[in-house]
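Enquirer: Following this message is one structure expressed as structure tokens.
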Amino acid sequence: MTGESAGLVNVDGSEIYWEASGNPAGVPVLYLHGGPGVGLGPRYKTRHDASKFWTIGLDQRGCGRSKPAVQDDLPSLPANTTQALIEDIEAVRRHLGIAKWIVTGGSWGSTLALAYALQHRDRVHGLALMAVGTTSRKEVEWITEGVGRIFPEAWAEFAKSARCRPGERVVDAYARRLAGTDRDDAETAALAWDRWESTHVSLDPLWQPGPMFDDDRERMTMAILVTHYWSRDAFLPEGQTIMERIHQLNGVPGYLIHGRKDVSGPVITPWMLHQRWDGSRLTVIENEGHGGPQCWAALVGAVEEIADGLSRVDGREA
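Just so we're aligned: the sequence shown equals residues 2 to 319 in the working numbering.
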């Protein structure tokens, strides 16, 4: 029997929105959206066989239908960390009575999935990830500065619009302004950030540059959260980075799917993860960039393979 359900889970005063579709008796599959701050879209729910899988998604803290929205509660922003998101995921898992699940995600969702699995390996059947990144300082510096070598015109405007203070990185300047008390200036910064993101990021290989968000609130939400995380190394400091710890997932099935033409996140990152992670598989889609239909098809296939390897399909707690 298949169906849909949704709700809110209270975690330390934040209400985390979750939704589930498919077969509640099937293999649980968690989807982690990108950004940070993009929120759930509708299409992820249709990717997996609804008779075989129970697909769960959540709007990460501060965005989507989770409450409060980050721009409505800026004093709480320092508490919005990768560690807090991991606790939110665990709260949803416990609420739904799930013992273990397959964890999926793309872009930032792949970072969060890896961080979650490293902390809760015993709750993960396997991982299926695409547009793979770890949100390391090097990756952030590439996407906010290095990519300017490919898009120099757009980057020059992006850097100028940052209004950096002496010694401040571009991403730090945007993070400061977006979380500041001058909300008119924050809106200006959000528009500039959106223009830069739209220059190099897309999940559609046929996509043309243009505004990523038509909705002002959605644009502000993502701009605040993405710069908050990127300017702080995703709260995964040196010594605790995903790349340094990935060997701890040896033996856990991991499927790393990446587009060769991904400008914002070069394939070197999933390749390096694969070299350090026994039990991982790397699939490079030659003609796609930051995701795309072939990447999604490979992710769906990876979920099927992980499920086929399970000794039983009921991953829920009694």
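Built from N, CA and C at the ideal position, the CB exists for glycine as well.
Just reading off the alpha helix (DSSP H) that E140 is part of, what are its end residues?
Expert: R138 to T145 is the span of the alpha helix (DSSP H), which, as asked, contains E140.
Enquirer: Please state whether DSSP places F54 in a helix, a strand or coil.
Expert: Three-state DSSP puts F54 in a strand.
Enquirer: Work out the CA separation of A70 and D166 for me, nearest whole Å.
Expert: Position check: residue 166 holds Arg in this sequence, whereas Asp was assumed. Going from the Cα of R166 to the Cα of A70 covers about 28 Å.
Enquirer: Pull up the CB-CB distance for K46 and G27, whole angstroms please, since I reckon it's below 8 Å.
Expert: So it is not a contact: roughly 13 Å between Cβ atoms.
Enquirer: Could you spell out where the beta strand (DSSP E) holding G23 opens and where it closes?
Expert: Here the beta strand (DSSP E) through G23 covers S15 to G23.
Enquirer: Can you name the start and end residues of the alpha helix (DSSP H) that Y32 belongs to?
Expert: First-last for Y32: V28 to L33, but that is the beta strand (DSSP E), not the alpha helix (DSSP H).
Enquirer: Within its chain, find whatever has a CB closer than 6 Å to the CB of S162; leave out the 5 residues flanking it on each side and keep chain order.
Expert: Closer than 6 Å at the Cβ level, and outside the excluded window around S162, lie A193.
Enquirer: Taking just the CA atoms, how far does V30 sit from T56?
Expert: Answer to the nearest angstrom: the Cα atoms are 5 Å apart.
Enquirer: Only counting the same chain, and skipping five residues up and downstream in sequence, which positions put a Cβ closer than 7 Å to that of R48?
Expert: Once the five neighbours on either side are set aside, the close Cβ partners of R48 are W297 and V301.
Enquirer: Verify the contact flag: D234, CB atom, against every heavy atom of the ligand ZN, threshold strictly below 7 Å.
Expert: For the structure depicted, the ligand ZN is absent and the ligand set is empty, with no information on it obtainable.
Enquirer: Which of helix, strand or coil does DSSP assign to H229?
Expert: H229 falls in the helix class under three-state DSSP.
Enquirer: So what does DSSP say about S67, is it helix, strand or coil?
Expert: Three-state result, S67: coil.
Enquirer: Tell me, please, which residues DSSP counts as bridged to G8.
Expert: Its beta-bridge partners are W19.
Enquirer: Which residue spans inside the segment 218-271 form an unbroken beta strand (DSSP E) run of at least 3?
Expert: Listed in chain order, they are 255-260.
Enquirer: Can you say whether N11 is buried or exposed, counting buried as having 16 or more other CB atoms within 10 angstroms of its CB?
Expert: Exposed: under 16 other Cβ atoms inside 10 Å.
Enquirer: Would you tell me roughly how many angstroms separate the C-alpha atoms of W19 and G255, rounded to the nearest one?
Expert: Roughly 24 Å separates the two Cα atoms.
Enquirer: So what's H49 in DSSP terms, helix, strand or just coil?
Expert: If DSSP states are grouped into helix, strand and coil, H49 belongs with coil.
Enquirer: Need the endpoints of the beta strand (DSSP E) that V285 sits in, please.
Expert: From DSSP, the beta strand (DSSP E) with V285 extends over S281 to I286.
Enquirer: Check whether the Cβ atoms of I258 and I225 lie closer than 8 Å to each other.
Expert: For I258 and I225, no; Cβs fall outside 8 Å.
Enquirer: Can you check which of these residues, S281, S137 and G292, is closest to G230 by C-alpha distance?
Expert: In the sequence on display, residue 230 carries Tyr and not Gly. Selected option, being the one with the closest Cα: S137.
Enquirer: Please report how far the alpha carbon of E289 lies from the alpha carbon of V268, in whole angstroms.
Expert: Near 11 Å, if we compare the C-alpha coordinates of V268 and E289.
Enquirer: Would you check if the distance between the CB atom of G35 and the CB atom of W109 is smaller than 8 Å?
Expert: It is a contact, given that the beta carbons lie within the stated cut-off.
Enquirer: Just curious, the alpha helix (DSSP H) that L300 is in, first and last residue?
Expert: That run of the alpha helix (DSSP H) goes P294 to D309.
Enquirer: Report back the beta-carbon spacing between T112 and A235 to the nearest angstrom; my notes put them in contact at under 8 Å.
Expert: Confirmed, about 6 Å.
Enquirer: For chain B, find out if any of its Cβ atoms is closer than 8 Å to the Cβ of G181; answer yes or no.
Expert: In the structure shown, chain B does not exist; there is a single protein chain.
Enquirer: Hey, L115 and I243: beta-carbon distance below 8 Å or not?
Expert: Contact: yes.
Enquirer: For D195, is the classification buried or exposed, using 16 other Cβ atoms within 10 angstroms of its Cβ as the cut-off for buried?
Expert: By the neighbour-count rule (16 or more Cβ atoms within 10 Å), D195 is buried.
Enquirer: Would you mind sorting G61 into buried or exposed? The rule is 16 or more other CB atoms within 10 Å of its CB.
Expert: First, the amino acid is wrong: residue 61 is Gln here, not Gly. By the neighbour-count rule (16 or more Cβ atoms within 10 Å), Q61 is buried.
Enquirer: Quick check on T112: does DSSP put it in helix, strand or coil?
Expert: Helix, per DSSP.
Enquirer: Keeping to the same chain, check which residues put their C-beta closer than 6 Å to that of A155; ignore five residues upstream and five downstream.
Expert: The answer, listed in chain order, is T200.
Enquirer: Give the secondary structure of L59 by DSSP, where H, G and I count as helix, E and B as strand, and everything else as coil.
Expert: Reduced to three states, the DSSP call for L59 is strand.
Enquirer: Take the Cβ of Q84 as the centre, count every other Cβ of all protein chains shown within 10 Å, and call the residue buried at 16 or more, exposed below.
Expert: Exposed, by the Cβ-count rule.
Enquirer: Less than 8 Å between the CB atoms is what I'm expecting for L274 and V133, so what's the real figure, rounded?
Expert: That pair is a contact at about 7 Å.
Enquirer: Measure the alpha-carbon distance for Y32 versus G280 and round it to whole angstroms.
Expert: Their Cα atoms are separated by approximately 21 Å.
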